[in-house]
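Working notes for the structure below.
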Amino acid sequence: MAGTFLKKLKRGLFMTHTEFIEKVGETFQRTGPIEPQHVDRLEEALIAADAGVGLATRLADDLRRQVRSGAITSAAELRPAIRRTLVELLDGADRGGRPAGGRPRVTLVVGVNGTGKTTTVAKIAKRRKEAGVTVILAAADTFRAAAVDQLMVWAKRVDVPVIHQREGADPAAVVFDAIAAARSRGIDEVLVDTAGRLHTRANLMKELEKVKGVAAREVAGAPHEVLLVLDATTGSNGIAQAQQFGATAGVDGVVLTKLDGTAKGGVVLAIAETLKLPVRWVGVGEGIDDLLPFDREEFVDSLLEIEA
Ligand SMILES: Nc1nc2c(ncn2[C@@H]2O[C@H](COP(=O)(O)OP(=O)(O)O)[C@@H](O)[C@H]2O)c(=O)[nH]1
Ligand SMILES: [Mg+2]
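Residue numbers (the working numbering): -19 to 288.
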């Protein structure tokens, strides 16, 4: 099982890894001494992977200092130093989960249109089901009828129930119904698919607040988790988008989708650095099984590892 995860993660990170190693492979495999200018390559590679200029510069400055002082003298010492710094950065963005709270557990999935919210809800539902957790989906993107239909198609495929109302219905009412249904059927968790677009951004934020309010009123500690979905192919623009989306305040973690279609996987690092949020899941394809729980060390290793 762990082998499959790693294979999928590597496939998802293929473009990022390839571009990255193209730039730093030579440095990593150097047999001679490491000079400060060898770190420049790493800095460029991080920027190219959309890890963010600030982070790349900070990390490179620190490494150059260590090279100059003689703390790092060879490639064999350079790679573990980078690895440690990146893992530490990712660890630092994780404040851990919230306290358990009442039942059913309510998970809210938010984000800009087209980032992959609906697909992610379906993928998480499948994961939960496999783990023996019962779920119900709430079709709270009532802005377009097609959005509800899309969720229903996925729900049927995963074989989980979905609560929906007519197009234009109040999303908070859908969530209220879903919580009531979960309660009466003894279901563990409500997964809420939300809209990414409304007539105005202010309307969208107001709607999300109302959904949160209803959840909080109905279940202690709800929503237990708010996941912000970001599209990796948009790279650092996705970070700006997340800030603009304005939802980062109440967000607990990020789902980074479409890692399979981009060399911008370094955005995982920018998310930790800029948004100070942990990545919880990564999407590595359009299929129902193409969602992986994010493992910081595996990610860093997949990025830095040189194939023998
Ligand atoms: N390649 C790839 N495509 C994805 C991934 N996640 C979602 N998508 C695709 O992105 C598109 C938008 O997804 P959707 O769930 O409808 O986004 P929403 O508007 O946020 O609900 C769909 O074509 C999905 O198949 C992923 O991890 N990898
Ligand atoms: Mg959707």
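We put the beta carbon where it would ideally sit given N, CA and C, even for glycine.
Put simply, of D270, R107, V140 and E147 the residue whose alpha carbon is nearest the alpha carbon of A126 is E147. Secondary structure of E110 (DSSP, three-state): helix. Within the region 155 to 203, the complete alpha helix (DSSP H) runs of at least 4 residues fall at 181 to 198. Classified as buried, E205 has 16 or more neighbouring CB atoms from the shown chains inside 10 Å of its CB. Burial is judged here by how many other beta carbons sit within 10 angstroms of a residue's own beta carbon; G267 has fewer than 16 and is exposed.
Judged by their CB atoms, V170 and V86 are nearer to each other than the 9 Å cut-off. The continuous beta strand (DSSP E) containing P273 extends over residues L271 to P273.
Proximity of the beta carbon of G176 to ligand 1 is indicated: a heavy atom of the ligand is located closer than 8 Å. For the pair K103 and L271, the Cα-to-Cα distance works out to about 6 Å.
One thing to note: L66 has its Cβ within 9 Å of the Cβ of L283.
Set against 8 Å, the gap from the CB of G96 to the closest heavy atom of ligand 1 is smaller. Within the DSSP secondary-structure output, V209 pairs in a beta bridge with V235. Taken in chain order, the unbroken stretches of alpha helix (DSSP H) that lie wholly in the region 51 to 130 and span 4 residues or more are 55 to 72 and 97 to 110. In the DSSP secondary-structure assignment, I143 is bridged to A118.
Remark: the C-beta of L236 is outside contact range of ligand 2, defined as less than 8 Å to any heavy atom.
In the DSSP annotation of this structure, the continuous segment of the beta strand (DSSP E) that includes G263 starts and ends at V259 to G263. Per DSSP, the continuous alpha helix (DSSP H) segment holding D41 begins and ends at V33 to R48. Ranked by how close their Cα comes to the Cα of L249, the residues S164, I219, R21 and I159 have I219 in first place.
Between the alpha carbons of M(-5) and F274 lies a gap of roughly 18 Å. Residue burial annotation: E198 is buried, with at least 16 other C-beta atoms found within 10 angstroms of its C-beta. The closest heavy atom of ligand 2 lies less than 8 Å from the beta carbon of D121. Here the alpha carbon of T11 sits roughly 12 Å from the alpha carbon of L58. Segment contact: the region 180 to 195 against the region 148 to 157, three or more CB-CB distances shorter than 8 Å; contact assigned. A Cβ-Cβ distance of about 7 Å is found for the pair L210 and G91, placing them in contact under the 8 Å criterion.
Sixteen is the threshold: since fewer than 16 other Cβ atoms of the shown chains lie within 10 Å of the Cβ of P13, the residue is exposed. Across the structure, A212 and G81 are spaced so that their CA atoms are roughly 31 Å apart. G201 is positioned such that its CB atom lies closer than 9 Å to that of R78.
Per DSSP, reduced to three states, the secondary structure at T(-16) is helical.
When the beta-carbon positions are compared, D129 and D173 stay at least 9 Å from each other. Judged by their CB atoms, T237 and T100 are nearer to each other than the 9 Å cut-off. With a 10 Å radius around the Cβ and a threshold of 16 neighbouring Cβ atoms, P60 comes out exposed.
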